[in-house]
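Protein chains in written order, with the numbering used here: chain A, 32 to 529; chain B, 32 to 529; chain C, 32 to 529; chain D, 32 to 529.
The structure appears below as structure tokens.
4 protein chains.
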Amino acid sequence: MENFKEIDKPKSNCAVVGVYNHPQASIITYYALHALQHRGQEAAGITSIYYDEVKKKKKYAYTRGSGLVLDVFSDPDILTNVLKGDCAIGHNRYSTTGSSTKANIQPFNMIYHSGILSIAHNGNLTNTLNLRKKLQEEGAIFQTTTDTELFLHLIARSKKKNQIEQIIESLQQVHGAYSIAILTENALIAACDPWGVRPLNIGKIKTENGWSYIVASETCAFDIVNAEYIRHVNHNEVVVIDQHTLETGEFKSYKIFQETPEAKHCIFEYIYFSRPDSKIFGHNVDKVRRKLGKNLAEESPVIPEADEKICVISVPDSGNTAAIGFARVNEKLNNPSVFEIGLIRSHYVGRTFIAPGQNNREFKVKVKFNPVRGVLEGRNVVIVDDSIVRGTTSKALIKLIREANPKKIHFRITSPPIKFPCHYGMDFPSKEELIANYYDSEEDIAKAIGVDSLHYLSIEKLLDSVPKDPGIGYCTACFTGIYPIEIEENSDKYSIEE
Amino acid sequence: MENFKEIDKPKSNCAVVGVYNHPQASIITYYALHALQHRGQEAAGITSIYYDEVKKKKKYAYTRGSGLVLDVFSDPDILTNVLKGDCAIGHNRYSTTGSSTKANIQPFNMIYHSGILSIAHNGNLTNTLNLRKKLQEEGAIFQTTTDTELFLHLIARSKKKNQIEQIIESLQQVHGAYSIAILTENALIAACDPWGVRPLNIGKIKTENGWSYIVASETCAFDIVNAEYIRHVNHNEVVVIDQHTLETGEFKSYKIFQETPEAKHCIFEYIYFSRPDSKIFGHNVDKVRRKLGKNLAEESPVIPEADEKICVISVPDSGNTAAIGFARVNEKLNNPSVFEIGLIRSHYVGRTFIAPGQNNREFKVKVKFNPVRGVLEGRNVVIVDDSIVRGTTSKALIKLIREANPKKIHFRITSPPIKFPCHYGMDFPSKEELIANYYDSEEDIAKAIGVDSLHYLSIEKLLDSVPKDPGIGYCTACFTGIYPIEIEENSDKYSIEE
Amino acid sequence: MENFKEIDKPKSNCAVVGVYNHPQASIITYYALHALQHRGQEAAGITSIYYDEVKKKKKYAYTRGSGLVLDVFSDPDILTNVLKGDCAIGHNRYSTTGSSTKANIQPFNMIYHSGILSIAHNGNLTNTLNLRKKLQEEGAIFQTTTDTELFLHLIARSKKKNQIEQIIESLQQVHGAYSIAILTENALIAACDPWGVRPLNIGKIKTENGWSYIVASETCAFDIVNAEYIRHVNHNEVVVIDQHTLETGEFKSYKIFQETPEAKHCIFEYIYFSRPDSKIFGHNVDKVRRKLGKNLAEESPVIPEADEKICVISVPDSGNTAAIGFARVNEKLNNPSVFEIGLIRSHYVGRTFIAPGQNNREFKVKVKFNPVRGVLEGRNVVIVDDSIVRGTTSKALIKLIREANPKKIHFRITSPPIKFPCHYGMDFPSKEELIANYYDSEEDIAKAIGVDSLHYLSIEKLLDSVPKDPGIGYCTACFTGIYPIEIEENSDKYSIEE
Amino acid sequence: MENFKEIDKPKSNCAVVGVYNHPQASIITYYALHALQHRGQEAAGITSIYYDEVKKKKKYAYTRGSGLVLDVFSDPDILTNVLKGDCAIGHNRYSTTGSSTKANIQPFNMIYHSGILSIAHNGNLTNTLNLRKKLQEEGAIFQTTTDTELFLHLIARSKKKNQIEQIIESLQQVHGAYSIAILTENALIAACDPWGVRPLNIGKIKTENGWSYIVASETCAFDIVNAEYIRHVNHNEVVVIDQHTLETGEFKSYKIFQETPEAKHCIFEYIYFSRPDSKIFGHNVDKVRRKLGKNLAEESPVIPEADEKICVISVPDSGNTAAIGFARVNEKLNNPSVFEIGLIRSHYVGRTFIAPGQNNREFKVKVKFNPVRGVLEGRNVVIVDDSIVRGTTSKALIKLIREANPKKIHFRITSPPIKFPCHYGMDFPSKEELIANYYDSEEDIAKAIGVDSLHYLSIEKLLDSVPKDPGIGYCTACFTGIYPIEIEENSDKYSIEE
């Protein structure tokens with residue numbers, strides 16, 4: 032339920048974009064960020080590097096602000112006159128309340144001994160606190176409360192002469208999940224942590240002056256700018272796009288560590304985060320999601336009464352594909368089924384809205400959705416959704432659907448129960464607030480939410496649904512509690528208020 | 032394609048809401064207006080009437096502003112402290128560029144010899160110019176360029192003592208389409224013109240103090256406030272809700288003219304304007320729209336090649352229901368078919384957005400939609416849509432879908448070709464701009480838009496799809512050029528700039 | 032004390048400006064309004080009339096907003112592109128809290144049977160309530176709560192064919208004080224009520240196309256636009272500037288009533304309202320104000336001790352001229368005296384400012400003024416001020432000056448005690464709040480305010496200070512209670528809240 | 032001419048304020064900054080330190096913004112709820128266009144190994160470029176383009192354990208002019224560079240809880256908060272206000288360098304920068320300014336014709352005191368003279384205003400000032416002003432005064448000709464733009480500006496006018512080109528754009 036992000040869903044932490052050698056680099060970045068808006072709606076920023084004809088040197092310009100991409104850059108002058116130059120990087124930010132200060136909006140820029148460097152980061156580091164302490168003792172002054180700033184200080188303090196070496200040296204010191212885009216005066220660098228937790232992709236755009244290159248968290252960002260998909264950045268890989276690339280069409284590629292471990296891609300990217308029209312880690316999200324719906328129907332079909340068709344609906348828009356998959360397999364299993372539009376979603380509700388006199392969640396759901404009585408009344412209804420976090424929104428939604436008088440409501444979830452926090456970039460509520468930790472069985476949760484039946488997809492069928500490639504594994508920590516990357520104590524708690 | 036309103040769709044002119052005897056009258060009005068946001072997004076307003084304890088008399092308060100309902104009333108203080116009282120009326124406005132001045136935002140209020148009176152109007156009058164001239168010659172000073180203001184002057188000049196009589200007398204003088212809500216110090220009055228062109232409905236809400244009453248353009252406004260549907264306001268009817276209603280549960284009902292003609296409901300309300308989850312003129316919009324899709328498949332099915340399934344998609348969200356109906360009947364006609372989600376819509380595009388460096392329509396479509404390659408590639412695709420106006424957006428959309436490499440694209444429209452202007456409240460472009468007037472055949476339009484086949488629903492099948500009740504007919508003027516209500520010359524052209 | 036307007040001074044109600052036949056009419060109006068900002072700081076507006084080449088007819092444009100002139104028109108596009116045309120009128124508004132709604136900001140415009148007409152009004156009518164009632168009974172709809180709107184309705188209802196006749200007919204029906212500028216499609220009309228309570232002046236500006244004409248409340252508006260002063264509009268006079276004026280250099284002049292009474296110019300315009308660099312009623316304000324200071328010293332000189340010089344200061348900036356006059360005459364009377372700058376005024380305090388934690392008046396005075404200790408310490412100080420209304424600000428100011436340790440503080444006021452309300456356009460607090468009604472003697476007031484001595488100018492010396500011309504008298508109602516124009520009951524109390 | 036700052040005057044660089052142990056520390060800082068608004072109008076900021084009861088530790092809060100103090104803190108919630116705590120520092124900023132980015136607004140805050148530290152700085156360093164380069168090579172990341180940030184990096188890198196020692200060590204490394212306030216978790220520190228170029232003063236305020244301490248650039252900031260003046264911070268001195276001060280009433284005082292050189296106070300602080308009601312460097316500004324006027328009259332009196340009085344005026348408000356002094360001495364020299372108010376200044380012109388259609392300087396002067404014809408016409412006028420920079424504004428002002436038809440205009444300047452740039456904090460235009468470098472003689476400048484005579488005060492008489500204390504000298508570099516503190520090449524040119 033992409034649309035419930037603000038209420039009761041895990042929250043992704045950010046999208047990154049980088050553009051190299053495009054006459055409208057910041058405009059391309061802007062559209063790509065817009066296409067990735069679902070990964071972070073709290074703030075956005077773009078930094079570009081250009082050559083100053085008067086001063087005969089490279090300079091940078093940036094704009095960062097709270098809100099959606101289209102709003103932060105609503106003054107057209109910013110993109111056309113301020114963010115000049117043929118290369119740029121950008122960032123969409125999601126942040127928890129405590130640290131949503133303006134200073135934390137990326138990209139972060141610095142001028143240091145080797146020149147200009149700007150960075151955008153998706154993911155979460157796990158040794159933040161110790162690194163900050165160490166740097167501070169050496170006299171470093173921190174300007175933000177983000178883990179991302181660590182990259183800058185580590186790079187600025189590197190004694191290596193070559194910028195790529197400085198960057199690799201700094202990546203070897205941080206632990207955790209990161210997919211980053213770095214812009215320097217001469218290159219666009221894209222890198223993924225040794226486990227490749229978050230996705231990052233490379234594409235190219237034909238321009239009048241030859242090829243321009245783009246990196247982005249998901250490929251839906253390529254479609255909007257007519258970019259051609261090349262490949263994704265591998266785990267443990269640093270890709271350098273520079274003059275050499277323009278001349279030869281090839282990237283330089285480096286390893287962060289000598290040894291490359293098995294990848295641990297975030298499986299939730301397939302379940303919910305990424306857009307269905309994207310490719311991530313080399314595969315179509317849409318196809319995986321349809322498979323999730325099919326596997327779910329096989330595991331827990333819904334059987335109609337005589338002369339009845341099961342009415343399969345989704346919560347628009349994110350559950351659609353899985354629901355269609357579910358309906359089809361349920362039908363094949365001799366359970367007459369049909370996919371229907373059972374909820375109308377308002378297009379006029381922004382991220383925050385006033386609900387005077389009506390502050391309960393139920394009402395907020397009502398302002399966003401209205402059930403179609405003609406579709407639901409007297410029917411046996413299956414709602415296919417991707418996950419349940421706290422369960423509060425699900426409960427409110429079910430209550431809303433009940434008002435349309437369906438005969439029965441069956442709830443089917445395309446993921447296993449979420450029971451553990453994520454330390455690699457998803458923002459779940461605390462363990463105690465997760466409904467799957469509060470109740471013992473599917474039956475109890477069904478009762479709490481108010482549905483006639485409830486089934487989660489099993490971990491086995493989940494793993495069966497995602498692509499299986501050599502050397503590629505998945506992080507399923509939020510379902511299993513098995514964390515592939517070590518977590519240092521308090522590492523994700525540093526803030527200016529500490 | 033509800034979502035393309037701002038680009039290339041007929042535009043409805045407004046929604047009206049009225050609430051009587053509710054302790055949170057303006058809050059109820061606010062939510063109802065939000066549910067009716069699709070009928071007008073340019074401006075919104077609410078007027079409430081309350082009893083001033085200090086001055087011992089009734090007073091009114093109002094707030095009006097440009098933008099969406101949630102934005103105009105974003106300061107919670109407005110609804111809770113400014114718009115006091117237990118009765119209120121509200122209005123959503125759509126306006127053409129020329130006259131979108133603030134002065135034209137409804138409801139319009141006046142204090143006149145009989146006290147406070149406020150009005151909200153949906154529709155379009157057809158004898159505006161002559162009435163304005165006449166009133167002006169008598170010394171009337173007009174403050175707006177709307178036809179709605181005429182009601183106020185006519186009422187203020189009536190010599191009748193009774194307010195209901197003043198109102199009926201004024202309604203007898205105006206020609207055209209109107210569904211109005213009027214609030215006085217003692218009553219809420221709802222009225223529809225003799226032909227009932229635009230919908231208006233009555234419902235009630237249980238409160239701690241008994242029943243509260245509500246009128247609204249569509250019943251989706253009732254769902255959001257838990258109101259119970261009673262009936263719709265009939266054509267040629269004036270309904271009065273007052274103290275008598277609270278005591279007896281009955282409305283007083285008056286006729287505007289002695290003779291009630293056959294109704295001429297706007298058939299486009301069923302095709303596109305109203306929300307699928309609404310009831311209008313006593314019937315579910317959703318059911319009509321599904322029937323339109325079914326009839327369309329019967330008239331012009333799409334036949335697959337061997338071993339192929341036809342992929343039926345809609346432009347989210349308004350075409351969904353018709354597309355599902357189309358897929359089902361096409362399948363029944365032995366053409367294997369499946370409804371799919373072929374376009375992902377961005378939820379982050381507001382009504383206006385900046386497209387720097389990319390000012391063509393094609394790009395605007397791209398910012399809003401992305402085709403799902405995995406669904407469309409190599410498929411025989413049917414797109415079901417409700418209407419084509421200029422054809423420019425359709426063309427851009429088809430081009431976008433082509434990028435996903437479908438085998439073929441078939442375009443099916445759930446209405447006949449639009450060829451004539453509407454004088455009763457829809458805002459079409461000029462006759463010359465309508466694509467159906469520019470080309471001679473479906474084939475030519477198909478070629479212009481870039482699809483492999485194109486079929487419009489016939490007028491017969493259209494009329495077959497809508498409810499048939501005694502005394503009820505439909506206005507089909509935009510397809511047929513037959514106007515049921517006389518149009519005076521230049522009647523819809525009066526503006527402050529004339 | 033011009034600078035204390037917002038705190039404790041009578042408040043003027045407005046400035047009017049009109050410009051005829053100037054290629055930059057609205058820009059000229061803008062600067063003139065800025066020069067007259069002291070007459071009203073709550074809102075400002077400009078209406079211009081231009082010829083629309085496309086539609087081949089005259090049209091009007093207007094902009095009105097709350098705040099200072101420079102702020103309301105801060106978008107340069109407004110003056111250069113919106114307010115087109117070669118004639119314009121403008122208005123600065125002061126309003127009491129209760130009725131400061133946007134609808135009340137002038138100029139007021141209408142299109143009526145004889146075309147476009149716009150009006151700007153300075154003054155206050157005294158038969159408002161009865162006129163409104165009468166018009167309302169005839170079906171008139173009022174849009175504002177101002178007395179000014181009456182002019183429009185009366186003109187629109189006039190049966191006269193000629194616009195000048197319509198205007199004169201309407202002026203004959205209103206009672207009270209008014210200096211007005213009216214703009215029609217063909218003429219700029221300036222008129223003063225039969226008693227000429229408020230000032231209005233006529234000037235001309237040389238342009239490339241010959242002479243342009245301007246009318247304004249005070250002549251300081253002429254200086255800023257390089258206009259040449261011609262004469263003031265007489266009481267009971269209607270002056271018409273039109274094509275005839277451009278051709279001959281002459282105005283048409285009409286009488287409102289056959290009989291012209293003795294003028295009753297507002298004497299407070301000389302004492303405080305008008306700027307010292309203005310001419311009003313044909314005379315320099317500066318010279319009158321200096322005479323007030325001289326007469327005050329003659330009536331109540333301050334005698335120094337041996338070897339001492341009296342230190343004469345003013346409250347910057349309005350009291351300066353009178354203080355210099357006082358110092359000079361006091362010196363001539365053998366009381367060694369010197370004018371000093373004893374108070375520094377902050378230029379950074381706008382009309383409203385936040386005084387967190389310090390909501391008393393004393394503090395507000397402190398934020399605006401700081402005494403110069405080096406000047407005041409140990410001195411015998413005379414403060415010359417123009418009037419005392421409530422006395423609260425005076426008291427706070429005296430306390431502030433005491434902090435600089437003067438030996439003694441003598442307070443000298445260039446007007447008699449204010450004891451009565453003004454019904455002709457000044458906004459005093461209620462009678463009970465006037466300090467002169469609360470205490471019996473100058474001694475008691477001196478004690479209350481905290482000064483060592485206090486003297487008001489006598490009514491005789493006041494009248495001696497102002498120009499004496501045949502047929503010219505003065506309204507001194509606020510000092511004497513003698514009202515030259517009849518006041519109808521409740522006439523100044525009509526508001527939308529009644 | 033304080034009021035012409037934005038047009039053609041040297042520009043001061045900033046005011047600093049610090050408050051220790053006051054229950055409303057940020058509110059006191061706010062009022063003090065308002066009183067010092069004349070020293071910098073482009074931006075303002077406040078940082079406070081408070082104890083967080085929940086986290087059991089000290090934290091800081093800050094607010095910084097562009098504009099006037101009253102505007103930046105216009106939301107009362109900021110001062111009462113955000114900027115909590117009993118100690119605070121604040122800053123008013125003036126900046127040149129190029130570097131007016133938001134990042135440069137002070138105070139600057141950091142959390143470093145020794146805790147929280149915040150700094151506010153008035154002055155200009157002269158070894159910025161070398162220091163930045165050195166620090167950058169060590170891995171420091173700069174966030175601003177100001178010299179002030181150097182203090183933070185030097186302190187954070189100090190190996191000293193004690194914060195006072197860290198601060199003194201860092202002060203020993205910077206060269207140039209600085210008067211700074213530093214706030215730590217335990218102390219308020221005030222320091223002046225070895226030459227004491229800019230003023231800094233210490234005062235105390237009685238509160239319910241004993242004494243609170245305040246430091247501020249000028250003592251007019253003490254008056255507004257009822258603070259008692261104690262003394263000024265000496266050159267080469269670091270003053271520490273901490274718990275010890277609260278207990279004993281004494282400050283700890285340290286020297287920056289062992290050897291204290293002769294002070295070199297900025298003489299322009301007396302001539303123009305500081306407010307006349309302030310004490311700086313231990314003396315009343317007002318008295319010095321009056322002496323300047325007197326000495327000027329002695330050097331270059333103006334002689335009237337028979338039966339004539341010389342009319343001495345100033346440009347309000349800054350020239351007033353000197354003009355009064357001039358008038359008095361001129362009279363004593365047997366030249367009958369009188370001080371008059373010859374120019375009325377508009378209080379309604381903010382720092383930026385729109386002058387559509389009139390973009391010349393002359394017009395801008397006109398919007399701000401109007402000559403009083405009644406005072407000036409036919410008179411022999413002396414205008415006393417403090418300095419001439421480019422001369423453009425003076426020229427425009429003289430032209431304006433000529434419109435009032437004076438007989439003659441004599442221009443008298445209370446400072447010598449400005450011929451050299453300031454490297455210690457004043458922002459003059461380039462040497463070529465200074466009118467005194469463009470013309471050879473007073474006669475030529477007089478002709479260029481359009482006056483009948485012109486005289487500057489001699490450097491000798493200037494030095495005669497200022498206080499003479501042992502060990503105290505003055506920087507007169509802008510007149511003489513003799514710079515008391517060494518200037519490193521390009522030191523004042525570092526910016527993000529380099």
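The C-beta atom is built at its ideal place from N, Cα and C for all residues, glycine as well.
All figures in this text were calculated on a predicted structure; none of them were measured in a lab.
Beta carbon proximity, residue i to chain B, threshold 9 Å
i, result
"S131 of chain C", "Confidence at S131 of chain C is low in this model, with a pLDDT of 48, below 50, so the placement of that residue should be treated as unreliable; the coordinate-derived value is given next. So, not an interface residue."
"S201 of chain C", "no"
Residues near residue i by beta carbon distance below 7 Å, same chain, minus five either side
i, result
"Y470 of chain B", "I476 and A479"
"A134 of chain A", "Q174 and T175"
Residue-chain proximity (residue i, chain C), Cβ-Cβ < 9 Å
i, result
"G141 of chain B", "It should be pointed out that residue 141 of chain B corresponds to Met in this sequence rather than to Gly. Yes, contact with chain C."
Neighbour flag for residue i against chain D, beta carbons, 9 Å
i, result
"G170 of chain A", "yes"
"H184 of chain A", "yes"
"Q68 of chain C", "yes"
Residues that DSSP places opposite residue i in a beta bridge
i, result
"Y244 of chain D", "D:Y51 and D:K235"
"K322 of chain A", "K322 of chain A pairs with nothing; no bridge assigned."
"Y285 of chain B", "B:V269"
Proximity test, Cβ basis, 9 Å: residue i and chain A
i, result
"S97 of chain D", "no"
Interface flag, residue i vs chain F, CB-CB below 9 Å
i, result
"K397 of chain D", "No chain F appears in this structure, whose protein chains are A, B, C and D."
Close beta carbons around residue i, own chain, < 6 Å, minus the five adjacent residues each side
i, result
"P448 of chain C", "A467 and Y487"
Residues from the region 396-425 of chain D in contact with chain C, defined by Cβ distance under 8 Å: K397, V398, N401, P402, V403, R404, G405 and V406
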